[in-house]
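The next block holds one structure in the form of structure tokens; read it before the comments.
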Amino acid sequence: MDAIDKKILMLLQQDSKQNTKEIAEKVGLSVSPTFERIKKLEQKGYIKNYVALLDASKIGKSISVYCQVTLAVHSRELIDYFKQHILVLPEITGCFHVSGNYDFLLKVAVNDMNEYQKFVIDKLSVIKGISNVQSSFVMEEIKNDFAYNL
251 MDAIDKKILM LLQQDSKQNT KEIAEKVGLS VSPTFERIKK LEQKGYIKNY VALLDASKIG
311 KSISVYCQVT LAVHSRELID YFKQHILVLP EITGCFHVSG NYDFLLKVAV NDMNEYQKFV
371 IDKLSVIKGI SNVQSSFVME EIKNDFAYNL
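Counting from 251, one number per residue, gives the positions in the sequence shown under the numbering used here.
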């Protein structure tokens, strides 16, 4: 990956709706080589997907919660079981296996406290092997960038 590829990736992170001609003009290439570079970046896995970033409050997901989950036992079987059950819960927008004082960090998006309470009682607490859940509620989002600086 060279400097032009990095510039293409930065431009796509800023606005993935830009067409190839717009990107080509910004990186100083013609359309065909720019198109080929983008396709190659996609094929090599640098570009995983193109998505629209939504305003959470406008779609009824005004509460963001980070849950620190500790498992009772650190076995491959229980970790795999937990991961499998977390993947199907639509309220969870991020799941990270971490080191430190807890095992997993979950990012949860819900409409209100009642919805969060139902999520914890009806969905999260029924997953076997969880020994502790600590919840931190986002009071204000200061920075939430999805773009990497290249």
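Just so you know, even glycine gets a beta-carbon here, dropped at the ideal spot from N, CA and C.
Taking only the alpha-carbon atoms, compute the straight-line gap between residue 254 and residue 275 and give it to the nearest angstrom.
-> Spanning the two alpha carbons is a distance of roughly 12 Å.
Nearest residue (CA-CA) to residue 286, options 299, 298, 300, 271 = 271
Rounded straight-line distance, which links the Cα of residue 316 to that of residue 346 = 11 Å
Assuming residue 354 and residue 323 make a contact with CB atoms under 8 Å, what is their CB distance in whole Å?
-> Their Cβ separation, rounded to whole angstroms, is 14 Å, which puts residue 354 and residue 323 out of contact at 8 Å.
Are the segment 304-312 and the segment 323-333 touching, with three or more C-beta to C-beta distances below 8 Å?
-> no
The beta strand (DSSP E) spanning residue 385 covers which residue range?
-> It spans 380-387 - the beta strand (DSSP E) in which residue 385 sits, taken as one unbroken run.
Starting from the Cα of residue 352, find the closest Cα among 341, 290, 385, 327 and give me that residue.
-> The shortest C-alpha separation from residue 352 is found at 385.
On a CA-only basis, which of 262, 391, 339, 273 is nearest residue 377? Give me that one, please.
-> 339
Identify whether residue 263 lies in helix, strand or coil by the three-state DSSP scheme.
-> helix
C-alpha gap between residue 359 and residue 400, whole angstroms = Straight-line Cα distance between these residues: approximately 29 Å.
Can you tell me whether DSSP reads residue 324 as helix, strand or coil?
-> coil
Per-residue DSSP class, three states only, for residue 377 = Looking at residue 377 - three-state DSSP - the assignment turns out to be coil, as it is neither helix nor strand.
With burial defined as no fewer than 16 other Cβ atoms inside 10 Å of the residue's Cβ, what is the status of residue 390: buried or exposed?
-> exposed
Between which two residues does the alpha helix (DSSP H) carrying residue 291 extend?
-> 281-293
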